[in-house]
Amino acid sequence: MNTLYSRRIKRPLDAVISGVALIALAPLFTVAGAAIRIDTPGPALFAQSRVGKNGVVFEVLKFRSMLSPSESVRPDGSEMSNSERVTRVGRILRRVSLDELPQLVNVLRGDMSLVGPRPALPYQVSRYSTIQRERLSVRPGITGLAQVSGRNKLTWDEKIALDLEYCREVRMLDDLRILLRTARAVVSRDGQDFVAHDAISSHGDVSYLKHI
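Straight run, no breaks: the sequence shown in the UniProt record's numbering ends on number 212.
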């Protein structure tokens with residue numbers, strides 16, 4: 001349902017909140033970025049292609065929490081497993097869900113919203129059914145209904161069903177509830193893998209950013 005909130009209020013509110021948050025969190029961004037670059041070679045941020053509203057592809061931003069491709073090869077030439085690629089600083093960032101903070105830039109740009117279905121990879125969208133493509137009717141979010149309803153315990157179909165439920169009637173009260181539940185999970189440290197780490201299993205189609 002196309003509500004007044006989704007048409008007129010949600011996007012300006014996203015822009016204001018993300019802009020204020022980016023200014024307030026600038027010192028944290030600087031410290032996190034420096035820690036990442038000191039810990040392991042490579043840039044502080046990386047970008048990955050995701051599919052947004054109406055099927056538009058954009059680059060989602062994250063703090064780098066894994067070794068870069070050039071650093072992910074053992075001396076014998078074999079590739080490290082995904083768990084081996086996670087850096088020391090990256091493990092800390094994931095534990096407190098700080099690796100997702102750069103997506104506030106995506107929200108400010110208009111690629112994403114604070115709340116919405118998590119942005120899917122292009123290959124996932126190519127497999128969507130007609131009904132599943134309704135996920136693309138709204139901007140993807142940093143957190144969403146599926147993420148506060150069981151996160152990794154949910155099956156793919158259950159996550160899709162919750163996303164579609166959200167998309168069919170975007171309401172301010174629901175967004176506030178989701179944000180509060182997300183904040184509570186992060187503060188209680190239930191936030192590990194809460195919002196992020198969804199489908200980013202390797203650096204295969206990732207563009208690395210040179211500057212934080």
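C-beta atoms are modelled at their ideal positions from N, C-alpha and C, and glycine is treated no differently. Predicted model only: the values in this text are computed from it and were never measured.
Exercise for the section: Would you grab the beta carbon distance between residue 40 and residue 67 for me? Rounded to a whole angstrom, and I think it's under 8 Å. Expected result: Within the sequence shown, residue 40 is the residue found at index 40, counting from 1. Within the sequence shown, residue 67 is the residue found at index 67, counting from 1. By a beta-carbon distance limit of 8 Å, residue 40 contacts residue 67. Their separation comes to about 6 Å.
Practice task
Go ahead and label residue 2 buried or exposed: buried means 16 or more other beta carbons lie within 10 angstroms of its beta carbon, across all protein chains shown.
Solution key: Counting from one through the sequence shown, the residue named residue 2 turns up at place 2. With fewer than 16 other Cβ atoms within 10 Å, it is exposed.
Problem - Best match in 160, 102, 105 and 139 for proximity to residue 129 [C-alpha to C-alpha] - result: Stepping through the sequence shown from its first residue, residue 129 is reached at position 129. Minimum Cα distance to residue 129 is reached at 160.
Practice task
Within 10 angstroms of the Cβ of residue 81, are there 16 or more other Cβ atoms? Answer buried if so, exposed if not.
Solution key: Numbered from its first residue, the sequence shown carries residue 81 at position 81. Burial is judged here by how many other beta carbons sit within 10 angstroms of a residue's own beta carbon; residue 81 has fewer than 16 and is exposed.
Practice task
Compute the distance between the beta-carbons of residue 21 and residue 98, then report whether it is under 8 Å.
Solution key: Walking along the sequence shown from the start, residue 21 turns up at place 21. Walking along the sequence shown from the start, residue 98 turns up at place 98. The criterion of a C-beta distance shorter than 8 Å is not satisfied by residue 21 and residue 98.
Handout entry: Reduced DSSP category for residue 48 - H, G, I as helix; E, B as strand; rest coil
Key = Residue numbering aside, residue 48 sits at position 48 when the sequence shown is read from its first letter. In this structure, residue 48 counts as strand in the three-state DSSP scheme.
Exercise for the section: Would you check if the segment 82-94 and the segment 132-139 touch, i.e. whether three or more CB-CB distances between them fall below 8 Å? Expected result: Touching, no.
Problem - Rounded distance between the beta-carbons of residue 140 and residue 119, thought under 8 Å - result: Working through the sequence shown from its first residue, we reach residue 119 at position 119. Working through the sequence shown from its first residue, we reach residue 140 at position 140. That belief holds up - the Cβ atoms of residue 119 and residue 140 are roughly 4 Å apart, short of 8 Å.
Problem - Complete runs of the alpha helix (DSSP H) confined to the segment 7-86 [at least 4 residues] - result: Scanning the segment 7-86 for uninterrupted alpha helix (DSSP H) segments of 4 residues or longer gives 10-24, 26-39 and 82-85, listed from N- to C-terminal end.
Handout entry: Best match in 43, 33 and 116 for proximity to residue 93 [C-alpha to C-alpha]
Key = Here residue 93 corresponds to residue number 93 of the sequence shown, with the count starting at 1. For residue 93, the closest C-alpha among the options 43, 33 and 116 is that of 33.
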